[in-house]
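Enquirer: Residue numbers (numbering that gives the first Met the number 0), protein chains in the order written: chain A, 0 to 305; chain B, 0 to 319; chain C, 0 to 346.
Below is one structure. I have some questions about it.
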Amino acid sequence: MTDAGTPITSKIPDKAELSDIVRTSMPWTSRLRLPGGTISEMFAAAFLILLVLIALFVNFIPGLVSPRLPYGDFSQLPELSLNGLFGTDDIGRSILSRVLYGARASLMIVFIATCISVSVGLLLGMLAGYFRGILERMVDLYANTMSALPSILVVLAFVTATGTSVMTIILILGILDVGTYARVAKAGVISQSNRDYVLAARAMGATDARILLKEILPNLVPALTAVMPTLMAGLIITEGSLSFLGYGIPAPAPSWGGMIASSTDLLSRFPILIFGPILAIVLTVYALNTVGDYLAQRLNNRERGQ
Amino acid sequence: MLTSLIPYAKAISLRILAGIPVFILVTFGATALSSLAPGSAALLILGENATAEQVAELNRAYGYDLPVWERYLKWLGGLLQGDLGQTLFSQQPVFEVVLERAAVTFEIALLAMLLSLIGIPLAMYTASHAGKILDRFLRSVSSVLLSVPTFVIVVLLSYLFAIVLRWLPATGWASFSKDPIANLWYVTLPVICLSLHQTAYLYRVARNEFVATLQEDFVQVARAKGLPLSYILMRHVLRPSMPQILTVMGLSLTYMLAGSFVVESYFAVPGIGWTVLTAVKSHDIPLVQAILSLTVVVFVIVFMLVDIGYAIIDPRVAVS
Amino acid sequence: MTEHHQDSTILACEDMSCRIAAEPQPLKVLQDINFQVRRRTALGIVGESGAGKSMLIKAIMGIAPSSVSIQGRITLDGHDLLSMNPREWARLMGRKVGIVFQNPMTSLNPYVPIGRQIDEASRLHLGLSRDDARTRAIELLTVVGIPDPKDCYDYYPHHFSGGMKQRIMIAAALSCHPDLLIADEATTALDVTVQKEVLDLLQRIQEERQMSMILVSHNLGVVAGRTDEILVLYGGHVIEFGPTADVFRNPRHRYTEALLSAMPQMDQPAHTRLRTIPGQPPSLAKQLPGCPFAPRCPAAQGACHAFMPEMIASGSSGHRFACHFPLEEIRAQPQEEISEMDLAHGR
């Protein structure tokens, strides 16, 4: 079954606007359908939603102790209580609490960085795809360069000169993926520019800006959302690695990478202590990758259906 | 004979030319980094106890008081003479140090890539028995494996092999030229850690490629001719899938370098990654700049080789 | 069913059927297939798409999908294929049977030089050395009409046109000097002018090398004049079988007659409506009892929908058909070959 859009059977009202007329011939009508994925994909999506909720509302979880203050003996084994579920670290802080607050830190960084990347990338990509020429070459050059350099290296290079801080990290992570989003947006614009509805809009006198914003932009959304989760997973890994190395979220603020790093000394005696943050980071990345694969598949099927 | 090499020469020079803008972009960006330092770069490097003369001298040597463009040209000039400045911690020429360390990282990367090739025969087997248990199992395993960040792999494997089983050393390094046996001993754990991701990724790409190729008509024809499966896999399925596999191998370089930071710092291996980390700690901007530039050059060359590899493998594609 | 000596038959199917496992009932792709191909004769298999022609060929070759189960007996050169393990079956096939498929553009591996694709069968099955295999391949390339065979041996498929690729496929099929050559819609994807060349080539090769041949097509013109016997498939059943001239001159089954009259006739005035067969071929999912053609047959009656007709002989030449209410038998006439031109002129 192709979902190539509904045919033009609906009556066009008398006072039809330009956009209405053009939209009826749009090849992609978006009606949010329930995802038809497998169980693991549903779980992944549910996990991510849960994670976001935790990141937003962790302060309000009743009974959760502060992640910065010790609340019990150090290096305690996990027990069946809220705060002791993952045990305590070498200073006596609740690992579970630190993991949950760490989720907030990581997600915030990744979310803001992605916002920056997507907005800048989308803008550049749309312009590059619509007007082509030098702009297109520059976008390609930037994307190629960024894919040639490992993310960590770029961040570390900046940090050498500027020193480490959360703002710096967010900014640099934001710059990293601009190239990829721009490329996706550019490719989308180029493929849409030749479609009938764009030609129709132009024939009716729509301005470039209007075409870009109202007609082409909505069609870029599936491609962009397909690529986002995978890139976000990469950012989580990069941020985790940076924190592990000591150049990410500065201690004593909780971060998954930092927690893993600080418990490596005690590994021989209390190996169970790294369980919490490892579980958190692996589940998050796995969930993001699963959702990303699913969206990419749907995008592929849609393209093929058309 | 020589004339048949001309298209290759053309292709190589074309790609090198295309790589120049990338090189300029990155090296210029690296030079501009020093402008980001709060205060002056020289002050950052030398620390707060530096005298005014020391600062001035450093500024002159590296051009930190010059505008970015001039500084860049000065650096380029130095590059052409093979002089990229001195490292701060050992006063050795940067060039030498970088090459020495790069060799170490290169050794680990090469071994890890070789180890990851095991994914290809695995993929051949599961592709020809697609949908069966092993195929689904390996797909899940590779998925999960790719979701575990390298630093977690490092911690876990080191715990398993060095602490629990005590089969391998936790840290340490011996140079290959001085003591090959010890070198192999130390290199094993870092190589295994790096190759896990690489194997999983290569396996997935190879398996999907093989499955797609097995659906092709010419494979039906080969089966109809009664040719054995092993022959069909080696002679008819492997070659069309090579371009994708080659791409993965080329991209693995990025991964190897990224992984080297964590792996080398954890296992105390003196490679490029470890060098960058120490440079960051001491704000050694010239060293970082040199490493960035070297990285770009290596990548441009590798991507170019991958591109040309496509042309060699696919008879339909002309080299230029 | 008339018996033939085992020696003179290269391929025989007895009560063969193919089923795909499905809910609630298995899908019957082919049922009760009975036919024989004698040595040095050409058999034409005719039917619409979906009649089961491809499945029949794949079943014989041993490359049917694993979800298909085959019952009955298939004998090649005296060997019972269904009792062999897949490897033996493949080796026997590779040596005794050559096959040419429909689409020459995708049947050759673009990454492998054509010389290798021609001699791999003879090297693997017959153990020919590299040089011997190469010599044979160049010889075959000459036979099929490829110019400069020595140079072409090392070329890749993309150097050749569609017609030439199909000739290369034929050369590859002949690599082991097989006893049987199967051409499965071998000319469907080619230009009309090239079609005739390739078909003539096939016929010439068959006669010169005294091979048996099976020509599979949905196009009657292809099998006319080039085959000794013809088998008509419909809905997975054999509905008519016999010497080609007989069947064309005196079709007994209504479907065969409809096929023959559907062909455009050159003698008729321009813009004459083509006779078509109303309705659709039967779908695998809905399998009704009775004759598969009954829903579309103008002469269908109660019995036709109720149970499948038995095979009845028509005359003594081996012509047989399965129809409750067949067409009139036309009294014996001199056996002439019917060519494609004859068909176009209305016999």
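Note that beta-carbon positions come from the ideal geometry of N, C-alpha and C, so glycine has one too.
Being a predicted model, the structure only gives us computed values, none of them experimental.
Using beta-carbon positions only, say whether aspartate 306 of chain B and tyrosine 110 of chain C come within less than 8 Å of one another.
Expert: no
Enquirer: By the three-class DSSP mapping on this structure, what secondary structure does threonine 206 of chain A have?
Expert: coil
Enquirer: Between alanine 112 of chain A and the rest of its own chain, which residues show a CB-CB distance below 7 Å, the 5 nearest in sequence each way excluded?
Expert: Ile169, Leu172, Gly173, Leu234
Enquirer: Can you check whether the C-beta of asparagine 328 of chain A is within less than 8 Å of a C-beta belonging to chain B?
Expert: In the structure as shown, chain A starts at 0 and stops at 305, and residue 328 of chain A therefore has no counterpart that could be examined.
Enquirer: Between arginine 103 of chain A and phenylalanine 136 of chain B, what straight-line distance do the alpha-carbon atoms span, to the nearest angstrom?
Expert: 33 Å
Enquirer: Using C-beta distances below 7 Å, list every residue in its chain close to alanine 223 of chain B, excluding the 5 sequence neighbours before and after it, in chain order.
Expert: none
Enquirer: Within 7 Å: the Cβ of asparagine 48 of chain B and any heavy atom of the ligand NAP?
Expert: In terms of ligand content, the structure shown is empty, and the ligand NAP therefore cannot be addressed.
Enquirer: Classify lysine 95 of chain C: buried if its beta carbon has 16 or more other beta carbons within 10 angstroms, exposed otherwise.
Expert: buried
Enquirer: Can you pull the DSSP bridge partners for alanine 32 of chain C?
Expert: Rather than alanine, the amino acid found at residue 32 of chain C in this sequence is isoleucine. DSSP, once it has assigned bridges, lists C/Met15 as partnering isoleucine 32 of chain C.
Enquirer: Helix, strand or coil: which one does DSSP assign to methionine 241 of chain B?
Expert: helix
Enquirer: Is it buried or exposed, proline 37 of chain B, if we count other Cβ atoms within 10 angstroms and call 16 or more buried?
Expert: exposed
Enquirer: Where does the unbroken alpha helix (DSSP H) through isoleucine 168 of chain A begin, and where does it stop?
Expert: 165-175
Enquirer: Can you pull the chain B residues whose beta carbon is under 7 Å from the beta carbon of isoleucine 98 of chain C, in chain order?
Expert: Ala223
Enquirer: According to DSSP, is proline 276 of chain A part of a helix, a strand, or is it coil?
Expert: helix
Enquirer: So, are the CB atoms of alanine 136 of chain C and cysteine 175 of chain C less than 8 Å apart?
Expert: no
Enquirer: What are the boundary residues of the alpha helix (DSSP H) that includes glycine 93 of chain C?
Expert: 85-95
Enquirer: Rank C/Pro297, C/Phe240, C/Phe306 by C-alpha distance to the C-alpha of alanine 312 of chain C and give the top, closest one.
Expert: C/Phe240
Enquirer: Could you check if proline 281 of chain C is buried or exposed, using at least 16 other CB atoms within 10 Å of its CB as the buried criterion?
Expert: buried
Enquirer: Can you give the Cα-Cα distance for proline 26 of chain A and proline 253 of chain A, rounded to whole angstroms?
Expert: Note that proline 26 of chain A has pLDDT 35, beneath the 50 cutoff, so the model's placement of it is unreliable and no number is given.
Enquirer: Please say whether valine 93 of chain B and leucine 286 of chain B have beta carbons closer to each other than 8 Å?
Expert: yes
Enquirer: Looking at chain E, is there any beta carbon in it that lies within less than 8 Å of the beta carbon of glutamine 243 of chain B?
Expert: The chain inventory of the structure shown lacks chain E, comprising the protein chains A, B and C.
Enquirer: Let me check understanding here. Comparing Cα to Cα, which of A/Val188, A/Gly120, A/Ser146 lies closest to tyrosine 180 of chain A?
Expert: A/Gly120
Enquirer: Kindly indicate if chain B contains any beta-carbon less than 8 Å away from that of proline 228 of chain A.
Expert: no
Enquirer: Taking Cβ positions, are serine 33 of chain B and tyrosine 63 of chain B nearer each other than 8 Å?
Expert: yes
Enquirer: Is there a Cβ from chain A that is less than 8 Å from the Cβ of proline 285 of chain B?
Expert: No, proline 285 of chain B lies away from the interface with chain A (no Cβ there is under 8 Å from its Cβ).
Enquirer: Out of A/Arg97, A/Met137, A/Ser262, point me to the one whose CA is closest to valine 154 of chain B's CA.
Expert: A/Ser262
Enquirer: Could you tell me which of C/Phe306, C/Gln209, C/Ala172 sits nearest to isoleucine 98 of chain C, measuring between CA atoms?
Expert: C/Ala172
Enquirer: Are the C-beta atoms of proline 149 of chain A and some chain B residue less than 8 Å apart?
Expert: yes
Enquirer: Evaluate proline 66 of chain B with the Cβ neighbour count: other Cβ atoms within 10 Å of its Cβ, from every protein chain shown; 16 or more gives buried, anything less gives exposed.
Expert: exposed
Enquirer: Taking contact to mean at least 3 C-beta pairs separated by less than 8 Å, is the region 117-133 of chain A in contact with the region 184-195 of chain A?
Expert: yes
Enquirer: Going by DSSP, name the residue or residues bridged to methionine 212 of chain C.
Expert: C/Ala41, C/Leu180
Enquirer: Contact defined as beta carbons within less than 8 Å: I believe alanine 161 of chain B pairs with leucine 167 of chain B. What is the distance between those atoms, to the nearest angstrom?
Expert: 6 Å
Enquirer: Based on Cα-Cα distance, which residue from A/Ile38, A/Val57, A/Ser74, A/Val109 lies nearest to proline 270 of chain A?
Expert: A/Ser74
Enquirer: Compute the distance between the beta-carbons of glycine 235 of chain C and leucine 42 of chain C, then report whether it is under 8 Å.
Expert: no
Enquirer: Using Cβ-Cβ distances below 7 Å, what residues of the region 257-290 of chain A are close to chain B?
Expert: Ile259, Thr263, Leu266, Ser267, Pro270, Ile273, Ile277, Ile280, Val281, Val284, Tyr285, Asn288
Enquirer: Buried or exposed, going by whether 16 or more other CB atoms sit within 10 Å of the CB of glycine 301 of chain C?
Expert: Burial is judged here by how many other beta carbons sit within 10 angstroms of a residue's own beta carbon; glycine 301 of chain C has fewer than 16 and is exposed.
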